[in-house]
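These notes concern the structure reproduced below.
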Amino acid sequence: MPLSHDHIRTTVETYLARHPHEHEQLGALLDALERPTDIASRTTFTGHVTCGAIVLDPLGRVLHVLHLASGKVLAPGGHAEPSDESLAGTALRELHEEAGIPPQAVAPWPAYETVPFDIDIHDIDAHPGKGEPGHQHFDLRFLFRLHTTNEAPVVPQEEEVGGIEWRPVDRVASPALREKLLKLPLEAEPETANASALIHNDRGEYLLHLRDYFPGEIWEPGMWSLPGGGREPQDATLEHTVRRELAEETGLDLGDLTPFATEYASDDDGVSVPIAIYAGRWNGDPRDIRLTEGVMLAWFAPDDLHRLRIADTTSDLVRRHAASHPAGTAPQGRLVRQEQRRASPHGTVLNVIGVHLYLERSDGTVLLGLRHPNSAFAPSTWHALAGHCEQENAVTCLIREAREEAGLHIERQDVELVHVIHHIDRTGGRPHMGLFFRARAWSGEPELREPDKCTQWRFWDPAALPDDLVPYTRQAIAKIQNGELYSETGWPA
1 MPLSHDHIRT TVETYLARHP HEHEQLGALL DALERPTDIA SRTTFTGHVT CGAIVLDPLG
61 RVLHVLHLAS GKVLAPGGHA EPSDESLAGT ALRELHEEAG IPPQAVAPWP AYETVPFDID
121 IHDIDAHPGK GEPGHQHFDL RFLFRLHTTN EAPVVPQEEE VGGIEWRPVD RVASPALREK
181 LLKLPLEAEP ETANASALIH NDRGEYLLHL RDYFPGEIWE PGMWSLPGGG REPQDATLEH
241 TVRRELAEET GLDLGDLTPF ATEYASDDDG VSVPIAIYAG RWNGDPRDIR LTEGVMLAWF
301 APDDLHRLRI ADTTSDLVRR HAASHPAGTA PQGRLVRQEQ RRASPHGTVL NVIGVHLYLE
361 RSDGTVLLGL RHPNSAFAPS TWHALAGHCE QENAVTCLIR EAREEAGLHI ERQDVELVHV
421 IHHIDRTGGR PHMGLFFRAR AWSGEPELRE PDKCTQWRFW DPAALPDDLV PYTRQAIAKI
481 QNGELYSETG WPA
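Every letter in the sequence shown is one number past the one before it in UniProt numbering, and letter 361, counting from 1, is 361.
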């Protein structure tokens, strides 16, 4: 899912709340946020967002790479991709691609889990060979620190990076960044990072979680709180943390989660713990959710919070969000939008649209891919070539996904819809509408274009499909074989 305008806007607003004196120097970025253009796209030449990773090692040195394209020594970073789920996630991906350091080897600096440490605007020269005019980069720089228990190998990307260097803070290449880093207490060890979800509906109510009353075993026993928890080693970003916790505790899978704030709470030892807060919208019934932790979930209006056993920080957080996001409106923040998104009617739940390629050879076998073991969805499981629609129609999405994932070239006139499956993974989860398209003709043979997502392509006999196949894909193939156009699965009886 491409980075949303709201996500970028909220991130910039939060940064400016900490650095109000930079409002004027970031004027070009603020102006770009008022335009209806895709500020995350590298083809928006009125200016677009890039993201950098500022990484400090246990000795307090800062990672720099020699970018071959510019000949400059800079922090790792680059353009956003449609698959990036957050701005911090873009920085982590670029860190991995350019320096070989995996996201699990670093931790966000406390209080900078969702907020850039620095924002820089700089000019980029025209590149006639690529058809690119001169433009500006709005570079959002996120601060990370290497885990002291990890020895992450630094492997520069040969195509783009000419070398790696760890510099003392007083020799950091960017003067503005150097000034901020010199004011940072580098000797402090980052605390454990936590993330919570601030979920609201179109009626202006907030979803709260009643914790089990087990004093001494859990934090804030018997109190109403936000769902969430602590970061684990497999979480690349704190957005991954909050999504994993939501899935584990409630089974919820929200489409958009936007960074809202960083709060602090005190643990049993009186230590201040930072918590990254992500806001999301959901209009479901919490009574349909099967909880795995805690007593219950319920909706509450901000005016009713005084009746609950709830931490003051949580109550203040909800009221602050409610004050800036009135019921029935999309988040706006302090920057006025020229276009406002209409809220969904009461009870409406947005469905995710997924496209799937049904590729059948002349011998009747169909193409399936084995998903990577680290995939968030269906790891180490066979599945059709598939993807979620971005800002595009379904057939365009199918053609793009086939080219990007498997190197297959399909023409629009060779595509036909053969099945629609309306499915849901779990009670309370986001509904999905799966569109299966047959390609009557194509060019190329399946190849591994994205090995981090798919580790193998193989054609299977529909009568002897693999046991470890995504269930709704198995159902869809069976229905296609029977000539049935529509089916459903996963919905409560």
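Every residue gets a Cβ at the ideal spot worked out from N, C-alpha and C, and that includes glycine.
Range covered by the beta strand (DSSP E) that runs through residue i
i: Val420; result: 415-423
i: Tyr486; result: 486-489
i: Val161; result: 161-167
i: Cys51; result: 48-56
i: Val62; result: 62-67
i: His135; result: 135-146
i: His240; result: Run containing His240: none in the beta strand (DSSP E); it sits in the alpha helix (DSSP H), 238-249.
i: Arg438; result: 432-439
i: Asp120; result: 118-124
i: Gly364; result: Unbroken run through Gly364: none, as it is neither H nor E.
i: Gly222; result: Looking at the DSSP string, Gly222 is not in any beta strand (DSSP E), and its letter there is neither H nor E.
Local Cβ density within 10 Å of residue i, reported as buried at 16 or more and exposed below that
i: Val349; result: exposed
i: Pro345; result: Any reading at Pro345 must be qualified, since the residue scores a pLDDT of 43, below 50, and its modelled position is unreliable; the value itself is stated next. Pro345 should be labelled exposed.
i: Thr46; result: exposed
i: Asn482; result: exposed
i: Pro76; result: buried
i: Val295; result: exposed
i: Ala406; result: buried
i: Leu182; result: exposed
i: Ser196; result: buried
i: Arg18; result: exposed
i: His423; result: buried
i: Asn201; result: buried
i: Pro471; result: exposed
i: Arg287; result: exposed
i: Gln475; result: buried
i: Trp299; result: buried
i: His7; result: buried
i: Ala463; result: exposed
i: Phe437; result: buried
i: Pro492; result: exposed
i: Ile480; result: buried
Same chain, Cβ closer than 7 Å to residue i, five either side skipped, listed in chain order
i: Ala80; result: Leu3, Ala40, Val49, Cys51, Thr90
i: Arg167; result: Arg61, Val62, His64
i: Leu74; result: His64, Val65, His67, Ala173
i: Phe459; result: Arg361, Thr365, Val366, Leu367
i: Ala402; result: Leu357, Leu385, Leu408, Ile410
i: Tyr15; result: Val115, Pro116, Ile119
Which residues DSSP lists as bridging residue i, in chain order
i: Phe377; result: Partner(s): none; Phe377 has no beta bridge.
i: Gln25; result: DSSP, once it has assigned bridges, lists no residue as partnering Gln25.
i: Cys454; result: Arg371
i: Trp214; result: The residue asked about is misnamed: residue 214 is Phe in this sequence, not Trp. Its beta-bridge partners do not exist; DSSP assigns none.
i: Gly388; result: Strictly speaking, residue 388 in this sequence is His, with Gly absent from that position. Partner(s): Gly354.
i: Phe300; result: Tyr206
i: Ala276; result: Ala195, Thr262
i: Val73; result: Leu66
i: His79; result: Thr50
i: Glu132; result: His127
i: Ile310; result: Trp224
i: Arg281; result: His200
i: Phe459; result: Leu367
i: Ser443; result: His409
i: Gly230; result: Asn194
i: His383; result: Gly369
Own chain, CB closer than 6 Å to residue i, minus 5 neighbours either side, in chain order
i: Arg309; result: Met223
i: Pro215; result: Pro221
i: Ile399; result: Ile410
i: Glu187; result: Residue placement at Glu187 is flagged as unreliable, the pLDDT there being 49, under the threshold of 50; a coordinate-derived value is accordingly withheld.
i: Leu370; result: Trp382, Thr455, Gln456
i: Thr241; result: Ala195, Arg231, Asp235
i: Lys453; result: His372
Opening and closing residue of the alpha helix (DSSP H) in which residue i lies
i: Gln481; result: 471-481
i: Asp6; result: 5-18
i: Gly407; result: Gly407 -> no alpha helix (DSSP H), and no H or E assigned at all.
i: Gly89; result: 87-99
i: Pro175; result: 175-182
i: Ala107; result: Segment 106-108 is the beta strand (DSSP E) holding Ala107; no alpha helix (DSSP H) there.
Beta-carbon contacts of residue i that lie in its chain and below 8 Å, excluding the five residues immediately before and after
i: Arg320; result: Ala261
Assumed close pair residue i, residue j - CB separation to whole angstroms, cut-off 8 Å
i: Trp109; j: Phe144; result: 7 Å
i: Leu226; j: Thr314; result: 6 Å
i: Asp468; j: Ala439; result: Rounded, the Cβ-Cβ distance is 25 Å, inconsistent with contact.
i: Ile124; j: Gly134; result: 6 Å
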